[in-house]
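Residue numbers (our numbering): 11 to 297.
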């Protein structure tokens, strides 16, 4: 009976040793092997691997793309307080994971001790180079400079830790700019003033346009009236010229005109003398 118990214990230990000699690393991870506490510089790839029971321990580290974000408050060049939230997409480099683990720590430590301080320092340095308005209007340029400052900060830190190339920055995004209440109120007042000035200018242009149109309309009317008067004067002068020529070339027409103007009444004289006859030649001026 005692022998069976001993054999059972030995078998159990053997089974445990057998299965503890194997390790499975999940997809998107690498294994960091620690042999009696010392970190093995060669990572275990994803999938099935062997390890030494009781001697080796394996810790999985996620190397997939991940986002880390943080908010930094800094003063702009025009001394406006600006809160900027920056999101960083990064991934750990598999071949350097054991060194990263040894020099810095787990992935959460990498974010807290490396990436977030880099965001804080970079945002403060770049924000001070721009006015609050420029941070908005030149957003793409600001983002590029923050990313450049981030990469420099991280590279310098990794070099100091002898973990160069530990991670890769895939993208840096400015997700939000938040200004002080006083600055927001000043912007609103500025926009309102610009809108009112634009409205006044448009009203001025409208009135000037209407006045110019009315003046042009009056000018056209005056020109038309002057032209009509001129044409009528020319027509009358031409008619008078033609009538004068006709009278000069046709004496009998003069007599006709005189007859047309005579009202049919003879002159009345007192006394006994005879009624004089109408002397046409005297009326024509002795022609």
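For every residue, glycine included, the Cβ atom is placed at its ideal position computed from N, Cα and C. Computed from a predicted model, the values in this text were never measured in an experiment.
For residue 61 and residue 68, believed in contact at Cβ under 8 Å, the rounded distance
The residue given as residue 68 occupies position 58 in the chain shown. The residue given as residue 61 occupies position 51 in the chain shown. Separation of the CB atoms of residue 68 and residue 61 is rounded to 6 Å, and the pair is thereby assigned contact status at 8 Å.
To the nearest whole angstrom, what separates the beta carbons of residue 160 and residue 128, a pair I think is in contact under 8 Å?
To locate residue 160, count along the chain shown from 1; it is residue 150. To locate residue 128, count along the chain shown from 1; it is residue 118. The C-beta separation of residue 160 from residue 128 comes to about 5 Å, placing the pair in contact by the 8 Å criterion.
Under the rule that 16 or more other beta-carbon atoms within 10 Å means buried, what is residue 52, buried or exposed?
As a first step, residue 52 must be located in the chain shown, where it is residue number 42. Exposed, since its Cβ has fewer than 16 Cβ neighbours within 10 Å.
Nearest by alpha-carbon distance to residue 189: which of 82, 36, 44, 239 is it?
For this step, residue 189 is matched to residue 179 along the chain shown. For the residues 82, 36, 44, 239, the minimum Cα distance to residue 189 belongs to 82.
Can you give me the start and stop residues for the beta strand (DSSP E) that residue 95 sits inside?
In the chain shown, the residue the question calls residue 95 occupies position 85. Start and end: 91-102.
My output table needs one value for residue 141: the three-state DSSP class, helix, strand or coil.
Position 131 of the chain shown, counted from the start, is the residue given in the question as residue 141. In this structure, residue 141 counts as coil in the three-state DSSP scheme.
From residue 225 to residue 217, what does the alpha carbon distance come to, in whole angstroms?
Residue 225 sits at position 215 when you count from the first residue of the chain shown. Residue 217 sits at position 207 when you count from the first residue of the chain shown. Rounded to whole angstroms, residue 225 to residue 217 spans 12 Å at the Cα level.
Should residue 45 be labelled buried (16 or more other beta-carbon atoms within 10 Å of its own) or exposed?
What you label residue 45 is simply residue 35 of the chain shown in a count that begins at 1. Flag for residue 45 reads exposed.
Counting C-beta neighbours from all protein chains within 10 Å, is the total for residue 195 16 or more, i.e. buried, or is it exposed?
Looking up residue 195 in the chain shown gives position 185. With fewer than 16 other Cβ atoms within 10 Å, it is exposed.
Classify residue 67 as helix, strand or coil using the three-state DSSP reduction.
Position 57 of the chain shown, counted from the first residue, corresponds to residue 67. It is a strand residue.
Within the continuous beta strand (DSSP E) that includes residue 79, where are the two ends?
Along the chain shown, read from residue 1 onward, the residue named residue 79 stands at position 69. Looking at the DSSP string, the run of the beta strand (DSSP E) that includes residue 79 is 76-85.
Run of the alpha helix (DSSP H) containing residue 118, from where it starts to where it stops:
Indexing the chain shown from 1 puts residue 118 at position 108. Segment 117-120, the alpha helix (DSSP H) holding residue 118.
Could you give the first and the last residue of the continuous alpha helix (DSSP H) run that contains residue 158?
The residue you call residue 158 lines up with position 148 of the chain shown. Run containing residue 158: 149-170, per the alpha helix (DSSP H) assignment.
Exposed or buried, which one is residue 157 when buried takes at least 16 other CB atoms within 10 Å?
Counted from its first residue, the chain shown places residue 157 at position 147. Classification of residue 157: buried, given that the 10 Å Cβ count is 16 or more.
Less than 8 Å between the CB atoms is what I'm expecting for residue 140 and residue 149, so what's the real figure, rounded?
Residue 140 sits at position 130 when you count from the first residue of the chain shown. Residue 149 sits at position 139 when you count from the first residue of the chain shown. No, residue 140 and residue 149 are not in contact; Cβ-Cβ is about 10 Å, not under 8 Å.
Consult DSSP for residue 52 and reduce its assignment to one of helix, strand or coil.
The count along the chain shown starts at 1 and reaches residue 52 at position 42. Coil, per DSSP.
For residue 2 and residue 173, what's the separation of their Cα atoms in angstroms?
Only positions 11 to 297 of the chain appear in the structure, and residue 2 is not among them; the question remains open.
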